[in-house]
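So the sequence shown is numbered by our numbering: it starts at 337 and just counts up by one. Idealized CB from N, CA, C, for every residue including glycine.
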Amino acid sequence: MTVLWDLSGIQPNSNIVMPGETMSAMFWNAVQRRGPNIWLRQKHLGLWRSWTWNQSADAVREIAGGLMSLGFEKGDTASILANTVVEWVWADLAVLSAGGVSNGIYPTDAASQVHYLCDDSSTSFLFVEDDEQLDKALEVRDQLPRVRKIVVFDMEGLSGVDDPDIISLKDLRTLGRTYNAQHPQAVQQRVDACKPEDLAILVYTSGTTGKPKGAMHLHSGLVYTVRGFNTLISQDDTDERMCFLPLCHIAERLGGEYFGMYTGAKLNFVENPETIPENVREIAPTVFTAVPRVWEKFYSGVMISLKEAGLLQQAAYAWSIGVGTDIANKVLAAEPVSGWLKLKFKLAQVLALNNARKLIGIHRARFLVTGAAPISPDLVRWYLALGVPMLEVWGMTETCGASTGVPAHKMKPGSIGPAAGFNEVKLDPATGEILVRGKNVFAGYLNLPEKTAEALTPDGWLHTGDVGVMDADGYFRITDRMKDIIITAGGKNITPSELENDLKFSPYITDAVVIGDKRAYLTVIIMIDQENVEKFAQDQDIPFSNYTSLTRALEVQALIQSELDRVNKKFARVEQIKKFFLLETQLTAEDEELTPTMKLKRKLVEKKYEARIEAMYR
Numbered sequence: 337m338t339v340l341w342d343l344s345g346i347q348p349n350s351n352i353v354m355p356g357e358t359m360s361a362m363f364w365n366a367v368q369r370r371g372p373n374i375w376l377r378q379k380h381l382g383l384w385r386s387w388t389w390n391q392s393a394d395a396v397r398e399i400a401g402g403l404m405s406l407g408f409e410k411g412d413t414a415s416i417l418a419n420t421v422v423e424w425v426w427a428d429l430a431v432l433s434a435g436g437v438s439n440g441i442y443p444t445d446a447a448s449q450v451h452y453l454c455d456d457s458s459t460s461f462l463f464v465e466d467d468e469q470l471d472k473a474l475e476v477r478d479q480l481p482r483v484r485k486i487v488v489f490d491m492e493g494l495s496g497v498d499d500p501d502i503i504s505l506k507d508l509r510t511l512g513r514t515y516n517a518q519h520p521q522a523v524q525q526r527v528d529a530c531k532p533e534d535l536a537i538l539v540y541t542s543g544t545t546g547k548p549k550g551a552m553h554l555h556s557g558l559v560y561t562v563r564g565f566n567t568l569i570s571q572d573d574t575d576e577r578m579c580f581l582p583l584c585h586i587a588e589r590l591g592g593e594y595f596g597m598y599t600g601a602k603l604n605f606v607e608n609p610e611t612i613p614e615n616v617r618e619i620a621p622t623v624f625t626a627v628p629r630v631w632e633k634f635y636s637g638v639m640i641s642l643k644e645a646g647l648l649q650q651a652a653y654a655w656s657i658g659v660g661t662d663i664a665n666k667v668l669a670a671e672p673v674s675g676w677l678k679l680k681f682k683l684a685q686v687l688a689l690n691n692a693r694k695l696i697g698i699h700r701a702r703f704l705v706t707g708a709a710p711i712s713p714d715l716v717r718w719y720l721a722l723g724v725p726m727l728e729v730w731g732m733t734e735t736c737g738a739s740t741g742v743p744a745h746k747m748k749p750g751s752i753g754p755a756a757g758f759n760e761v762k763l764d765p766a767t768g769e770i771l772v773r774g775k776n777v778f779a780g781y782l783n784l785p786e787k788t789a790e791a792l793t794p795d796g797w798l799h800t801g802d803v804g805v806m807d808a809d810g811y812f813r814i815t816d817r818m819k820d821i822i823i824t825a826g827g828k829n830i831t832p833s834e835l836e837n838d839l840k841f842s843p844y845i846t847d848a849v850v851i852g853d854k855r856a857y858l859t860v861i862i863m864i865d866q867e868n869v870e871k872f873a874q875d876q877d878i879p880f881s882n883y884t885s886l887t888r889a890l891e892v893q894a895l896i897q898s899e900l901d902r903v904n905k906k907f908a909r910v911e912q913i914k915k916f917f918l919l920e921t922q923l924t925a926e927d928e929e930l931t932p933t934m935k936l937k938r939k940l941v942e943k944k945y946e947a948r949i950e951a952m953y954r
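The following block contains the structure:
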């Protein structure tokens, strides 16, 4: 594990570690170099299974050959509708190896969204995970005349299906083996024919405002970005990562699959989204990337466990985290750590900190990476006090992921770091909006030239929509989204994300949306953490029959008010939140209020709960 007061061991690498000017060429070069080494692992029915680079290559070659045998042409689009599983990676790389365009669809999307995404992307082949996803595809199949075949990964429960347009992945691979035997050079010829300037993948934005937009990324941009990531984040073939975020999201696609392919890091796939806490403890990744909601959940889990511990354990933790905080403060201030403090920290690890890390599953982690949404600086400091550096990165779908990143040798909680060396980042002098330019920036939105023109200036600068500031060291800090900044009736500018991040630091609050634009004071809509609030209610003998009754319990309302009071103390009176209400419906990724990355959609929530919001201002 990384020694907290010496972070020189996690410095990134600027060398090109795997040649290839297209993603497909890079994959096949990696296979040639790493063939017998294990690359992918996945847990199924309680057992871990492994695949080497050679075994993955066989799967990719057979899927690509199967697609070509069914008429898949260079430049055709295939979409993948599945959870984060090994077959997703194989299908993706097979489509690229066949010279096609690969598009991902969130497994939580409804049938109508599947229709829109397949139609907009001109999908000709659709991969689906199982019977649940197949049902969505069949519901809209008649409206998708361009879709020629639906390929199913898992045929369990579908043995009786007799439909000429549906084929199992197993049967597609069989077709591919036959085709490749008859045309032994066909797949390699497609790989060789692929050019850096060809369109490689589509990544659709989450569509929080209007329909999703298909961001186009070329092979050249993807190759450039994964090479750039290696100058930002330290990773090599001795590392193990955990894949659990949606692969159709830019974070897992670039930072997980493609960066793992480039560096040789082993990729471990969780059994399903519900088993993530258990699986992370089994995998114990050495490099761990997640969104703030995951880090908040881990923190709250430790806090709840601590409340159940005995007084001696609580005292040991309090002393240990205090020592860890002293070390963290020294590291953040770039001050030397005394031998005595180092000795105390080693004792603190034995007493409590090692157990906290093992409870989460980060006991082997050299460092953690957080991105995709703002995170509380206090949470970054807490992980650092445990002994694990947390590095914040910032980027977006249109920049191929990370465009800035906090370096390990100079961390600043609350900052997204300086511009990554592979792109330029600056502030618009008039608005403070963050602008990005580089080869990692996307080629535009599919079928939307007007939206592309709005996003990109003639000289290549991307309007990100994020507002920020930059300090003397060139470190950027996001203050908010341009469209989210609140100007109260008294003319006070408020950045709601600061208040929201502090609220989400509570183990009892999962998400929050601050309201107050053109109003006399601030209010907030809160989504509780069901598991932790239920535990609180049970411990306090508070009666409740369902989620709604839990949120209405007076003691729960008082609990959330106490968390609100804690946050309000940090802010000036005009910035404090006066009233709140709790969402009374238990939301999942299928609900329209949440993005695929489980964030509340601000505008939609404000509109849907307009009556309750107005009631807070009467």
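For residue 953, count neighbouring Cβ atoms within 10 angstroms of its own Cβ and tell me buried if that reaches 16, exposed if not.
Counting from one through the sequence shown, the residue named residue 953 turns up at place 617. Looking at its Cβ environment, which holds fewer than 16 other Cβ atoms inside 10 Å, residue 953 is exposed.
Quick one: using the 10 Å Cβ neighbour count with 16 as the cut-off for buried, is residue 783 buried or exposed?
On the sequence shown, residue 783 is found 447 positions in, with the first residue counted as 1. Residue 783 comes out exposed.
Taking buried to mean at least 16 other C-beta atoms within 10 Å of its own C-beta, is residue 859 buried or exposed?
Numbered from 1 along the sequence shown, position 523 holds the residue referred to as residue 859. Answer is buried; the Cβ neighbour count reaches 16.
Within 10 angstroms of the Cβ of residue 856, are there 16 or more other Cβ atoms? Answer buried if so, exposed if not.
Along the sequence shown, one-based indexing puts residue 856 at 520. Its Cβ having fewer than 16 others within 10 Å, residue 856 is exposed.
Give me, in chain order, the residues of the same chain whose beta-carbon lies closer than 6 Å to that of residue 634; leave out the 5 immediate sequence neighbours on both sides.
Along the sequence shown, read from residue 1 onward, the residue named residue 634 stands at position 298. Cβ within range, chain order: 696.
In chain order, what residues of the same chain have a beta carbon less than 8 Å from the beta carbon of residue 897, not counting five sequence neighbours either side?
In the sequence shown, residue 897 corresponds to position 561, counting from 1. Non-local C-beta neighbours of residue 897 in its own chain, meaning closer than 8 Å and more than five positions away in sequence, comprise 916, ordered along the chain.
Hey, how far is the Cα of residue 490 from the Cα of residue 432?
Walking along the sequence shown from the start, residue 490 turns up at place 154. Walking along the sequence shown from the start, residue 432 turns up at place 96. So the alpha carbons of these two residues sit roughly 22 Å apart.
When DSSP labels each residue in this structure, what does residue 814 get in the three-state scheme?
As a position in the sequence shown, residue 814 is number 478, starting the count at 1. Here residue 814 sits in strand by DSSP.
Are the beta-carbon atoms belonging to residue 793 and residue 734 less than 9 Å from one another?
Walking along the sequence shown from the start, residue 793 turns up at place 457. Walking along the sequence shown from the start, residue 734 turns up at place 398. No, Cβ-Cβ distance for residue 793 and residue 734 is not below 9 Å.
Could you give the residue range of the beta strand (DSSP E) that holds residue 977?
With the chain running from 337 to 954 in the structure shown, residue 977 is simply not present.
Once the 5 residues before and after residue 757 are set aside, which same chain residues still bring their CB inside 6 Å of it?
Residue mapping note: residue 757 aligns to position 421 of the sequence shown, counting from 1. Counting only Cβ-Cβ distances below 6 Å, and skipping sequence neighbours, we find 567.
Are the Cβ atoms of residue 413 and residue 583 separated by less than 9 Å?
Along the sequence shown, one-based indexing puts residue 413 at 77. Along the sequence shown, one-based indexing puts residue 583 at 247. No, these two residues do not count as a Cβ contact at 9 Å.
For residue 645, which residues of its own chain have a beta-carbon under 8 Å away from its beta-carbon, when the five flanking residues on both sides are left out?
Start at 1 with the first residue of the sequence shown, and residue 645 comes out as number 309. Closer than 8 Å at the Cβ level, and outside the excluded window around residue 645, lie 653.
Once you ignore the five residues that flank residue 619 on each side, which residues in its own chain have a CB closer than 6 Å to its CB?
Mapped onto the sequence shown, residue 619 falls at position 283. Correct list, in chain order: 578 and 604.
When we look at the beta-carbon of residue 648 and count the other beta-carbons within 10 Å, is it buried (16 or more) or exposed?
Walking along the sequence shown from the start, residue 648 turns up at place 312. Label assigned to residue 648: exposed.
Would you call the CB atoms of residue 598 and residue 422 closer than 9 Å?
Residue 598 sits at position 262 when you count from the first residue of the sequence shown. Residue 422 sits at position 86 when you count from the first residue of the sequence shown. No, the Cβ-Cβ distance between residue 598 and residue 422 is not below 9 Å.
Could you give the distance in angstroms between the alpha-carbon of residue 667 and the alpha-carbon of residue 609?
Translated into the one-based positions of the sequence shown, residue 667 becomes position 331. Translated into the one-based positions of the sequence shown, residue 609 becomes position 273. In this structure, the CA atom of residue 667 is about 35 Å from the CA atom of residue 609.
Going by other Cβ atoms of all chains shown within 10 Å of its Cβ, with 16 needed for buried, is residue 759 buried or exposed?
As a working note, residue 759 is residue 423 in the sequence shown. It counts as buried.
Please name the residue in 935, 359 and 479 whose C-alpha comes closest to that of residue 710.
On the sequence shown, position 374 is the one that residue 710 refers to. Checking every option, the nearest Cα to that of residue 710 belongs to 935.
Can you give me the start and stop residues for the alpha helix (DSSP H) that residue 690 sits inside?
For the purposes of this step, residue 690 is taken as residue 354 along the sequence shown, with counting starting at 1. Segment 690-696, the alpha helix (DSSP H) holding residue 690.
Which whole-angstrom value describes the C-beta separation of residue 835 and residue 913, a residue pair presumed to lie in contact below a C-beta threshold of 8 Å?
One-based indexing of the sequence shown puts residue 835 at position 499. One-based indexing of the sequence shown puts residue 913 at position 577. 6 Å between Cβ atoms; contact.
Does the separation of the CB atoms of residue 426 and residue 440 fall below 9 Å?
Residue 426 sits at position 90 when you count from the first residue of the sequence shown. Residue 440 sits at position 104 when you count from the first residue of the sequence shown. The Cβ atoms of residue 426 and residue 440 do not sit closer than 9 Å to each other.
So residue 802 is in the alpha helix (DSSP H); what residue range does that whole segment cover?
Counting from 1 along the sequence shown, the entry for residue 802 is found at position 466. Where residue 802 is concerned, there is no enclosing alpha helix (DSSP H), although the beta strand (DSSP E) it sits in stretches over 798-806.
Determine the closest residue to residue 777 out of 738, 474 and 525, with distance taken between C-alpha atoms.
Here residue 777 refers to the residue found at position 441 of the sequence shown. The residue with the shortest Cα to Cα distance from residue 777 is 738.
So, using beta-carbon positions, are residue 388 and residue 365 closer together than 9 Å?
Counting from 1 along the sequence shown, the entry for residue 388 is found at position 52. Counting from 1 along the sequence shown, the entry for residue 365 is found at position 29. Contact: no.
So residue 899 packs on residue 845, CB below 8 Å; how close in whole Å?
For the purposes of this step, residue 899 is taken as the residue at position 563 of the sequence shown. For the purposes of this step, residue 845 is taken as the residue at position 509 of the sequence shown. Residue 899 to residue 845, Cβ: 6 Å. Contact.
By how many angstroms is the C-alpha of residue 513 removed from the C-alpha of residue 370?
Reading the sequence shown from its first residue, position 34 is the one you call residue 370. Reading the sequence shown from its first residue, position 177 is the one you call residue 513. Each residue's alpha carbon lies about 23 Å from the other.
Take residue 717 as the anchor and find which of 884, 663 and 743 has the nearest alpha-carbon.
Within the sequence shown, the letter at position 381 stands for residue 717. For the residues 884, 663 and 743, the minimum Cα distance to residue 717 belongs to 663.
For residue 624, which three-state DSSP category applies?
For the purposes of this step, residue 624 is taken as residue 288 along the sequence shown, with counting starting at 1. Of the three classes helix, strand and coil, the one that applies to residue 624 here is strand, per DSSP.
Anyone know if the C-beta pair for residue 822 and residue 853 falls short of 9 Å?
The residue given as residue 822 occupies position 486 in the sequence shown. The residue given as residue 853 occupies position 517 in the sequence shown. Going by C-beta atoms, residue 822 is nearer than 9 Å to residue 853.
Indicate whether residue 534 and residue 358 have their beta-carbon atoms separated by less than 9 Å.
By one-based count along the sequence shown, residue 534 stands at place 198. By one-based count along the sequence shown, residue 358 stands at place 22. Result yes, Cβ atoms of residue 534 and residue 358 sit closer than 9 Å.
Compute the Euclidean distance between the alpha carbons of residue 810 and residue 504, then round it to the nearest angstrom.
Residue 810 sits at position 474 when you count from the first residue of the sequence shown. Residue 504 sits at position 168 when you count from the first residue of the sequence shown. C-alpha separation (whole angstroms): 52 Å.
Decide if the segment 521-535 is in contact with the segment 492-499; the criterion is three or more beta carbon pairs, one per stretch, under 8 Å apart.
No, because fewer than three Cβ pairs between the segment 521-535 and the segment 492-499 fall closer than 8 Å, the two stretches do not touch.
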